[in-house]
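Residue numbers (our numbering): 20 to 377.
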């Protein structure tokens, strides 16, 4: 069984699959070869996440995977249909893999569905341990990522935070049951807390909104979060993995961050147009209430839901006065151009803060 690389979500997913008794095949990290495979076998106008994911599936099959969890989509997102196309394409290339679809936009629903698929007749009591492990892994990786984003702009030695994060994630990947996780989670977090940093250093706060795959894939976003940390920016992602996987309450009863985002964003985007567009706009509206100095919206080039979200963010920017930088990524995007735009945006935000006397 293989799960495509998707930030720390892959780490938690692979741990869960192992706990269910499945043999896990880890694809190699997303690379230029991954992209080349996708570009070769996918239609030219397909978005780059679809191309990269197909490359991941091929690389997993090359390593012997005979079953693959494919990421799906919703609404106008091409991921919703491309999983079926990619499964057929894998077969035509000679890889006979069983395919399971995991819809990122309805992660809690598909998590329950896939658990039933993989349970192999086990009772709910027998599944409690694996489910507890998954939730613990999600919470711990969420905490590692949050601490990392806060430490990067404050570290005294460049790269120290990323080295500590890599070691922490490696330790998490080795956890096999809830008891072991409970016993070692403080030691894992202490790796990050031990990074020398200046807690009083002035930093900017930027909200990062947009497509989740783009945010979670450093190869695609050209190490965007690391570049922002280098520029003295604390990044605040719009999502947490635990919020995506844990089933929410029914709509009228919800009081969580996701429900708040839907209400806050309805002024700018009243309907769900697919993908993460509604979440993007809603979280941006919440952050614009004073949580951040500015917003960065990231999207794959030609992503229909995020194009709609970008239009809604124009109205948000005009009404709330929060600066927004839109970044679009495809196989032609270069690092130098992105860094130049980031530096100019950050300089503008520092100037605005000085003007306010902050």
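Virtual Cβ for every residue (Gly too), placed ideally from N, Cα, C. These numbers were taken from a predicted model, which means no experiment stands behind them.
For residue i, is the classification buried or exposed, using 16 other Cβ atoms within 10 angstroms of its Cβ as the cut-off for buried?
i, result
"residue 143", "exposed"
"residue 199", "exposed"
"residue 111", "exposed"
"residue 81", "exposed"
"residue 63", "exposed"
"residue 234", "buried"
"residue 308", "exposed"
"residue 327", "buried"
"residue 256", "buried"
"residue 48", "exposed"
"residue 325", "buried"
Distance check for residue j and residue i, CA to CA, integer angstroms please.
i, j, result
"residue 58", "residue 104", "15 Å"
"residue 345", "residue 247", "14 Å"
"residue 297", "residue 335", "13 Å"
"residue 172", "residue 211", "14 Å"
"residue 108", "residue 55", "15 Å"
"residue 268", "residue 131", "Reliability of the predicted coordinates at residue 268 is poor, the pLDDT of 48 falling under 50, and the value obtained from them is presented with this limitation in mind. Between residue 268 and residue 131, the C-alpha separation is close to 15 Å."
"residue 65", "residue 243", "23 Å"
"residue 69", "residue 376", "45 Å"
"residue 368", "residue 114", "50 Å"
"residue 370", "residue 363", "11 Å"
"residue 251", "residue 206", "27 Å"
"residue 141", "residue 134", "10 Å"
"residue 294", "residue 89", "16 Å"
"residue 20", "residue 97", "24 Å"
"residue 100", "residue 275", "30 Å"
"residue 84", "residue 78", "9 Å"
Would you please state the rounded distance, in angstroms, between the beta carbons of residue i and residue j? I believe it to be under 8 Å.
i, j, result
"residue 313", "residue 358", "Going by Cβ atoms, the distance from residue 313 to residue 358 rounds to 17 Å, so no, they are not a contact pair."
"residue 316", "residue 343", "6 Å"
"residue 87", "residue 76", "5 Å"
Is residue i close to the ligand COA? I mean its beta-carbon at under 7 Å from any heavy atom of the ligand.
i, result
"residue 334", "Ligands displayed in this structure: none; no statement on the ligand COA is therefore possible."
Could you tell me which whole beta strand (DSSP E) segments of length 3 or greater appear in the region 22-67?
Qualifying beta strand (DSSP E) stretches: none in this window.
Restricting to runs no shorter than 3 residues, where is the beta strand (DSSP E) found entirely within the region 73-157?
Within the region 73-157, the complete beta strand (DSSP E) runs of at least 3 residues are 86-91, 117-122.
Pair every Cβ in the region 278-285 with every Cβ in the region 303-312, then say whether three or more of these pairs are closer than 8 Å.
Judged by Cβ distances under 8 Å, the region 278-285 makes contact with the region 303-312, as three or more pairs qualify.
Is it the case that the region 28-45 contacts the region 186-204, given that we only count it when at least three CB pairs across the two stretches are under 8 Å?
By the Cβ criterion, the region 186-204 is in contact with the region 28-45, since at least three pairs of Cβ atoms, one from each stretch, lie closer than 8 Å.
Just list the beta strand (DSSP E) runs in the region 193-246, keeping only unbroken ones of 3 residues or longer that don't cross its boundaries, in chain order.
Here the runs fully enclosed are 223-229.
If we count Cβ pairs, one from each stretch, closer than 8 Å, do we get three or more for the region 46-54 versus the region 150-165?
By the Cβ rule, the region 46-54 does not count as touching the region 150-165, because fewer than three pairs are nearer than 8 Å.
Kindly confirm or deny that the region 144-161 and the region 211-231 touch, where touching means at least three C-beta pairs closer than 8 Å.
At 8 Å Cβ cutoff, the stretches do not touch.
For the region 314-374, list the beta strand (DSSP E) runs that are entirely contained and at least 3 residues long, ordered along the chain.
Annotation note: the region 314-374 contains the following uninterrupted beta strand (DSSP E) runs of length 3 or greater, listed N- to C-terminal: 343-348.
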